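Let me begin by presenting the structure, written as structure tokens, before commenting on it.
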Amino acid sequence: MNELEKDVLVYIGEDITSPDVFSDITPIRNSINDAIEEISMLTGSYKEVYHLPLFKDQAFYRLKFSKGFFGYITNAWLRDRKITLPQTDIIKLTAVDPYWLQTNGDPGEYLQVGYNIVGVTPAPSASTDVLELTCVMIPERYASDDDRIKLRESFKKATVHYAVSEYYASRGDAKEATAHFKRYVDVLPISYPEAAEKPYGVKSNESG
Amino acid sequence: MNRAEQFTRIRRFLRDPDKNIWSDDLLERLFNDVQEDIQGQTKILEELESIKVPPMYHATYMFDWEYAYLNVGSRYYQCFTQHQQANQVYIHIWEVQHTWELTPDVNDIGPHTTHPWEQFYVTTPADELKIRFPLGFHSLRWITYNKEPISFLEQKDIQHMDSSWRTKLGDPRHYSRPDMLNDELVLYPRPQNANWTDSLDGHGLALFHSADTQPDETGVVSRRSGSTLSQDDGLTIDIIDLDHNILMIFEKNALDLTSDLDESDYPVFLRKYIEYGVLGRAFRANTDGRIESLANYWDKRYELGLTAIKRFKSTRKTDRKYRLGPAGQRQRHPRHPRLPSNYPNVN
Numbered sequence: 001m002n003e004l005e006k007d008v009l010v011y012i013g014e015d016i017t018s019p020d021v022f023s024d025i026t027p028i029r030n031s032i033n034d035a036i037e038e039i040s041m042l043t044g045s046y047k048e049v050y051h052l053p054l055f056k057d058q059a060f061y062r063l064k065f066s067k068g069f070f071g072y073i074t075n076a077w078l079r080d081r082k083i084t085l086p087q088t089d090i091i092k093l094t095a096v097d098p099y100w101l102q103t104n105g106d107p108g109e110y111l112q113v114g115y116n117i118v119g120v121t122p123a124p125s126a127s128t129d130v131l132e133l134t135c136v137m138i139p140e141r142y143a144s145d146d147d148r149i150k151l152r153e154s155f156k157k158a159t160v161h162y163a164v165s166e167y168y169a170s171r172g173d174a175k176e177a178t179a180h181f182k183r184y185v186d187v188l189p190i191s192y193p194e195a196a197e198k199p200y201g202v203k204s205n206e207s208g
Numbered sequence: 209m210n211r212a213e214q215f216t217r218i219r220r221f222l223r224d225p226d227k228n229i230w231s232d233d234l235l236e237r238l239f240n241d242v243q244e245d246i247q248g249q250t251k252i253l254e255e256l257e258s259i260k261v262p263p264m265y266h267a268t269y270m271f272d273w274e275y276a277y278l279n280v281g282s283r284y285y286q287c288f289t290q291h292q293q294a295n296q297v298y299i300h301i302w303e304v305q306h307t308w309e310l311t312p313d314v315n316d317i318g319p320h321t322t323h324p325w326e327q328f329y330v331t332t333p334a335d336e337l338k339i340r341f342p343l344g345f346h347s348l349r350w351i352t353y354n355k356e357p358i359s360f361l362e363q364k365d366i367q368h369m370d371s372s373w374r375t376k377l378g379d380p381r382h383y384s385r386p387d388m389l390n391d392e393l394v395l396y397p398r399p400q401n402a403n404w405t406d407s408l409d410g411h412g413l414a415l416f417h418s419a420d421t422q423p424d425e426t427g428v429v430s431r432r433s434g435s436t437l438s439q440d441d442g443l444t445i446d447i448i449d450l451d452h453n454i455l456m457i458f459e460k461n462a463l464d465l466t467s468d469l470d471e472s473d474y475p476v477f478l479r480k481y482i483e484y485g486v487l488g489r490a491f492r493a494n495t496d497g498r499i500e501s502l503a504n505y506w507d508k509r510y511e512l513g514l515t516a517i518k519r520f521k522s523t524r525k526t527d528r529k530y531r532l533g534p535a536g537q538r539q540r541h542p543r544h545p546r547l548p549s550n551y552p553n554v555n
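Chains as they are written, first to last, in our numbering: chain A, 1 to 208; chain B, 209 to 555.
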């Protein structure tokens, strides 16, 4: 049992040294994992780098991660040419050059299609470079007490409220479930945008 | 996380582990309904696939009644033409005249075929080359043939443009759809080249190999395991052979789950939102377990989940340096700095 799970048990009135209802911690663990996934998905706080070797004449690649789940790409960097590839999409590519698929050369842009397919255009004319993709990831679900929880410290208490909310929902207490879920949502930039990180700026009061 | 595991999670919140109130049949229907709702509202499921031209099918059939005896999940092709005036199937157009005891003198274009691939072996095939969209297809976003974009035209417009549209050969520039039911497209002009390559060469995704048995994905590119650089090695590389084949990006519907081992088409981290939708509907269903407050709670969780999915989808574009807008939108010109109106004239 990790610290987050213990927090949940304390909130719901269980004895953490000898729980009698949650002798099997799996339901609590599932809820915490769900919360971690949602927070990571929305905040983009966890990233990994995916190194994709480029193949000659191959424009599209299906990304496969052995740990965690792919979210989206935030940066694409060509290692040999030392340039950043800007993101594009099918609509812009087709508007600029409808025959873009027929062109080979040094990749100049990348696009994301669907869930886990990335394309580069033009298709590489040689199998020489490696594309370094910085990807927002959704962490894999932790399964044991010692697994690392890949979540920022400032979000961890929110996952506790998420799990407590689901506990009360499983007990049929919608009112208490809603109250705890609201505390979870307060952390996320969804319904309560003032909770999002806001960098401060400076503005002059002088007119003209 | 398969259907059985998701149902276990759902039943924890329903407090019905023994299926006393909500049956698996009900949950299955609610589950598939919510899957469709999520896709309808968020359009999160999108796929890129290539289609072999001509497509391959497991078998062909003629009469509608045969459909009930076909294996679910396999791809079948309905050949020849249904006689709308009688429960018959006819091959050549002159047979219709013969049925009415008229002199069968109308000219047919050429031979008819039972499988689409046969059309590339006859001089002037009389059938349209109907190509089935992939399983789960909903709507097209982009389509190419032989790496060149093709555009949609109504069949009526094609007929108006070209009276010999059925036999015209060339590089397809357009496609039409006979109807929306069968999710098929017809290329115009008819392609005159086919890519029959079936040997594995280099790294990538083979269309098929002579030693392989035909998989259920016949008609689209299928994956062959056991070769080098397979997905088990941590890096999956697809080489989609686009020469004389179709490549398309489309919105797809999540396929219905029908057995405990089935997995949803949604990524694992999005599947919990399906569960929220199921719970909201389950607590509203006309059962002994109907609880309004819990239904409202899970409905709110589901609505928030849809918002989260839409937000997640929009964050995929954060790396862009441009914004898309409707065609022909008038650009708002930024105001340039200017001196106040009471400033002295400098001229």
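For each residue, glycine too, the CB sits at the ideal point set by N, CA and C.
All of these numbers come straight from a predicted model, not from anything done at the bench.
Query - Residues from the region 451–475 of chain B in contact with chain A, defined by Cβ distance under 8 Å - result: So the close ones are L455, I457 and P475.
Requested in this report: Would you mind working out which of B/H320, B/W373, B/S384 and B/L465 sits nearest B/L348, comparing C-alpha positions?
Outcome: Measuring from the Cα of B/L348, the nearest candidate turns out to be B/S384.
Report task. Note down the Cα distance separating A/D80 from B/P324, rounded to an integer number of angstroms. Result -> So the alpha carbons of these two residues sit roughly 46 Å apart.
Query raised in the report: Between B/P552 and chain A, is there a C-beta pair that is closer than 7 Å?
Result: It does not: the Cβ of B/P552 has no partner Cβ on chain A nearer than 7 Å.
Report task. Please classify B/L455: is it buried, with 16 or more other beta-carbons within 10 angstroms of its beta-carbon, or exposed? Result -> Buried.
Query raised in the report: In terms of DSSP beta bridges, what is B/W350 paired with?
Result: Paired residues: B/I457.
Query raised in the report: How about B/F477: is its C-beta nearer than 7 Å to some C-beta of chain A?
Result: Taking CB atoms only, B/F477 has a neighbour in chain A less than 7 Å away.
Query raised in the report: Under a CB-based cut-off of 7 Å, is A/F69 close to chain B?
Result: For A/F69, the answer is yes, since a Cβ of chain B falls inside 7 Å of its Cβ.
Requested in this report: Take B/F271 as the anchor and find which of B/V261, B/Y284 and B/H320 has the nearest alpha-carbon.
Outcome: Of the listed residues, the one whose Cα sits closest to B/F271 is B/Y284.
Report task. Below 7 Å CB to CB, which residues in the same chain sit around B/D245 once its five sequence neighbours on both sides are set aside? Result -> Excluding sequence neighbours, B/D245 sits near G485.
Requested in this report: Tell me where the alpha helix (DSSP H) around B/L222 begins and ends.
Outcome: Segment R211 to L222, the alpha helix (DSSP H) holding B/L222.
Query raised in the report: Checking contacts by CB at 7 Å: is A/G114 closer than that to chain B?
Result: Yes - at least one Cβ of chain B is within 7 Å of the one on A/G114.
Query raised in the report: Comparing alpha-carbon positions, which option in B/H306, B/R509, B/Y265 and B/L361 lies nearest A/Y184?
Result: When each option's Cα is compared against that of A/Y184, the closest is B/R509.
Query raised in the report: So A/F60 is in the beta strand (DSSP E); what residue range does that whole segment cover?
Result: F60 to R62 is the extent of the beta strand (DSSP E) around A/F60.
Query raised in the report: So, helix, strand or coil for B/Q400, using DSSP?
Result: Coil at B/Q400, not helix or strand.
Query - Buried or exposed by the 16-neighbour rule on C-beta atoms within 10 Å, applied to B/L478 - result: B/L478 is classed as buried because its beta carbon has at least 16 other beta carbons within 10 Å across all chains shown.
Query raised in the report: Taking Cβ-Cβ distances below 7 Å as the criterion, which residues of the region 249–272 of chain B are in contact with chain A?
Result: Answer in chain order: E254, E255 and L256.
Report task. Classify B/N240 as helix, strand or coil using the three-state DSSP reduction. Result -> The answer is helix: DSSP assigns B/N240 an H, G or I state.
Report task. List the whole-angstrom C-beta distance separating A/Y46 from A/P139, where the pair is believed to meet the contact cut-off of C-beta under 8 Å. Result -> Rounded, the Cβ-Cβ distance is 6 Å, consistent with contact.
**Report entry** Inter-residue CB distance, B/R528 and A/Q102 (contact presumed, cutoff 8 Å)
**Finding:** So it is not a contact: roughly 24 Å between Cβ atoms.
Query raised in the report: DSSP on A/I39, reduced to helix/strand/coil?
Result: Three-state result, A/I39: helix.
Query raised in the report: Over what stretch of residues does the alpha helix (DSSP H) that includes B/V506 continue unbroken?
Result: A small correction: the amino acid at residue 506 of chain B is Trp; Val does not occupy that position in the sequence shown. Where B/W506 is concerned, the enclosing alpha helix (DSSP H) stretches over E500 to T523.
Query raised in the report: Quick one, are the C-beta atoms of B/I457 and A/V113 less than 7 Å apart?
Result: At a Cβ-Cβ threshold of 7 Å, B/I457 and A/V113 count as neighbours.
Report task. In the DSSP assignment, find the unbroken beta strand (DSSP E) run with B/T566 in it and report its ends. Result -> No answer is possible for residue 566 of chain B: the residues shown for chain B start at 209 and end at 555.
Query - Alpha-carbon spacing of A/F69 relative to B/M264, whole angstroms - result: A straight-line Cα-Cα distance of about 33 Å links A/F69 and B/M264.
Requested in this report: Compare the Cα-Cα distances from B/R489 to each of B/R524, B/I358 and B/A503 and report the closest residue.
Outcome: Among B/R524, B/I358 and B/A503, the Cα nearest to that of B/R489 is on B/A503.
Query - Chain-ordered neighbours of A/N75 on chain B, where CB pairs are closer than 9 Å - result: D527, listed in chain order.
Query raised in the report: Got a sec: is the Cβ-Cβ distance from A/A174 to anything in chain B below 7 Å?
Result: Residue contact check for A/A174 against chain B: a CB pair falls below 7 Å.
Report task. Would you check if the distance between the CB atom of B/E511 and the CB atom of B/R217 is smaller than 7 Å? Result -> In this structure, B/R217 does not lie closer than 7 Å to B/E511 by Cβ.
**Report entry** Exposed unless 16 or more other CB atoms sit within 10 angstroms - verdict on B/Q243
**Finding:** Using a 10 angstroms sphere on the CB of B/Q243, the tally of other CB atoms reaches 16 or more, which defines it as buried.
Query raised in the report: Mapping DSSP to helix, strand and coil, what is B/F288?
Result: Correct three-state label for B/F288: coil.
Query raised in the report: Excluding sequence positions up to five away, which residues of its chain have a Cβ less than 6 Å from the Cβ of B/A267?
Result: For B/A267, the CB contacts under 6 Å within the same chain, skipping 5 residues up- and downstream, are Y284 in chain order.
Query raised in the report: Does the distance from the C-beta atom of B/N210 to that of B/L469 stay below 7 Å?
Result: The answer is yes: Cβ separation under 7 Å.
Report task. Assess, as a yes-or-no matter, whether the region 144–162 of chain A is touched by the region 35–44 of chain A under the definition of 3 or more beta carbon pairs within less than 8 Å. Result -> The count of Cβ pairs closer than 8 Å, one atom from the region 35–44 of chain A and one from the region 144–162 of chain A, reaches three, so the stretches are in contact.
Requested in this report: Please classify B/I482: does DSSP put it in a helix, a strand, or coil?
Outcome: DSSP places B/I482 within a helical segment (H, G or I) once states are collapsed to three.
Requested in this report: Assign B/L465 to one of two classes, buried (16 or more other C-beta atoms within 10 Å of its C-beta) or exposed (fewer than that).
Outcome: By the 10 Å Cβ count, B/L465 comes out buried.
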